[in-house]
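Counting from 1, one number per residue, gives the positions in the sequence shown under this note's numbering. Don't be surprised by glycine CBs; every beta carbon is placed ideally from N, CA and C. Quick caveat, the model's predicted, so the values are computed rather than measured.
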Amino acid sequence: MVTAFAKRLDTAPAGYLFVVVTHGGGGGAAVCPAGNIDMVDGRPVWNHRCELCCGCIHLCPAGAIQAGSRTEGRQRYRHPDVTVADMERQAGRNRTRRAG
Numbered sequence: 001m002v003t004a005f006a007k008r009l010d011t012a013p014a015g016y017l018f019v020v021v022t023h024g025g026g027g028g029a030a031v032c033p034a035g036n037i038d039m040v041d042g043r044p045v046w047n048h049r050c051e052l053c054c055g056c057i058h059l060c061p062a063g064a065i066q067a068g069s070r071t072e073g074r075q076r077y078r079h080p081d082v083t084v085a086d087m088e089r090q091a092g093r094n095r096t097r098r099a100g
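Printed below as a string of structure tokens:
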């Protein structure tokens, strides 16, 4: 849909191009230790098992995940020495432990 819209734009008179980028990569789903988030058709589906670790909130590159007005407009933080891969591995261990 976005591609079709962009093809119809006439940017010549404006002298610049405004770009819209959408992101639904599921980073929050991958790091959730509770297994609370599933990605369905590129969108998050919440499974009502949240343990309020806020990992999904802090990792969402678009800042689109909120916990109501408490997180709206606030900065996000991720420890500089902790990678997303580290968090994914940790989340995987927690899920395995719970399942077993």
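I'd like the span of the beta strand (DSSP E) that includes I57, first residue to last.
Counting along the chain, I57 falls outside any beta strand (DSSP E), though it belongs to the alpha helix (DSSP H) covering G55 to L59.
Just to confirm before moving on: does the CB-CB distance between C60 and R76 stay below 9 Å?
R76 sits close to C60, with the two beta carbons spaced by under 9 Å.
Please report how far the alpha carbon of L52 lies from the alpha carbon of G42, in whole angstroms.
Each residue's CA atom was taken as its position, placing L52 and G42 some 22 Å apart.
Tell me the DSSP bridge mates of D38?
DSSP lists V45 as partners of D38.
Apart from the five residues just before and just after R49, which ones in its own chain have a Cβ nearer than 6 Å to its Cβ?
The beta carbon of R49 sits closer than 6 Å to those of A34 and N36, all from its chain and outside the five residues before and after it, given in chain order.
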